[in-house]
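Okay, so here's the structure we're looking at.
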Amino acid sequence: MGNRHLVSCGLVVLVTAACGQQTPPEKSVAETAGAATTTAPATPGTAGQVSDPDRAAVLKAAGLQANPQGLVKNECDDMVTPQVFPVDLGPTVGAAVLLAMSGGPSLASCYGDGPGLTLFRRDGASWKEIYSSRGGFLAVMREQHNGAPDLVFAGPGFSHPAYEWNGKGYALTTRTVADDRLEQATILP
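Here the sequence shown stands for residues 677 to 865, where the numbers follow my numbering.
Structure follows, in structure tokens:
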């Protein structure tokens, strides 16, 4: 897949998520309206499903509470559908979930930097934040440090910051990753 196509796919996912719309089925995780279970495609970097109890626990860890329709209030006080994706970060990190918070009607005047991406790791019966960013997209790299794949926060540009697992969370490194290296990565919404 060429760099231009890779960046275009990532931007399509982010733009539609930022507008509170679902991406086309061929480019997104299948999600039923108002349902708490999300099914992911069988690709490296993702895993089967996020169960209803895990979804509720991730939302609670993020300080969010869903209404009966499955909507939560974002930072702009807009009611939006949170997107929850399972992520395979290998046995060192364990079960992980990416929470993508989209914008609503106030996106242009409130967010500015785009949707929030927060990665959570199972910590006993609850979930703990291990990475967070705003805007762009997240790439799970094949390279590993400390037994876990590196993460890259990517978006417009020619190189992107790399994050390494430090045993408790993902920490920013001094390294950057060029666009052409993202071709081998698993891109998360």
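Cβ coordinates follow ideal geometry from the N, Cα and C atoms, glycine included.
Everything numeric in this text was worked out from a predicted model, so none of it was measured.
{"Item": "Cβ neighbours of Ala738 in the same chain (closer than 7 Å, five flanking residues each side left out)", "Value": "Leu775, Thr794"}
{"Item": "Residue nearest to Ala772 in terms of C-alpha spacing, selected from Val853, Asn842, Tyr807, Gly833", "Value": "Tyr807"}
{"Item": "Rounded C-alpha distance that separates Ser778 from Leu864", "Value": "14 Å"}
{"Item": "Inter-residue CB distance, Val734 and Phe813 (contact presumed, cutoff 8 Å)", "Value": "Between Phe813 and Val734 the Cβ distance is about 19 Å, and since that is not below 8 Å, they are no contact."}
{"Item": "Leu848, buried or exposed, once every other Cβ within 10 Å from all chains shown has been counted against 16", "Value": "exposed"}
{"Item": "Every unbroken beta strand (DSSP E) inside the segment 757-824 [3 residues or more]", "Value": "759-764, 771-777, 792-799, 802-810, 813-821"}
{"Item": "Reference Leu858; option with closest CA among Cys752, Arg798, Gln745, Met817", "Value": "Met817"}
{"Item": "Where Glu751 sits in the DSSP three-state scheme", "Value": "coil"}
{"Item": "Beta carbon of Gly780 nearer than 7 Å to that of Asp764", "Value": "no"}
{"Item": "Rounded C-alpha distance that separates Glu819 from Asn842", "Value": "14 Å"}
{"Item": "Cβ-based burial, Thr757 [other Cβ within 10 Å; buried from 16]", "Value": "buried"}
{"Item": "Member of Val828, Ala861, Gln860, Gln759 whose CA lies at the smallest distance from the CA of Arg851", "Value": "Val828"}
{"Item": "Element boundaries [alpha helix (DSSP H), containing Pro729]", "Value": "728-737"}
{"Item": "DSSP state of Leu740 mapped onto helix, strand, coil", "Value": "coil"}
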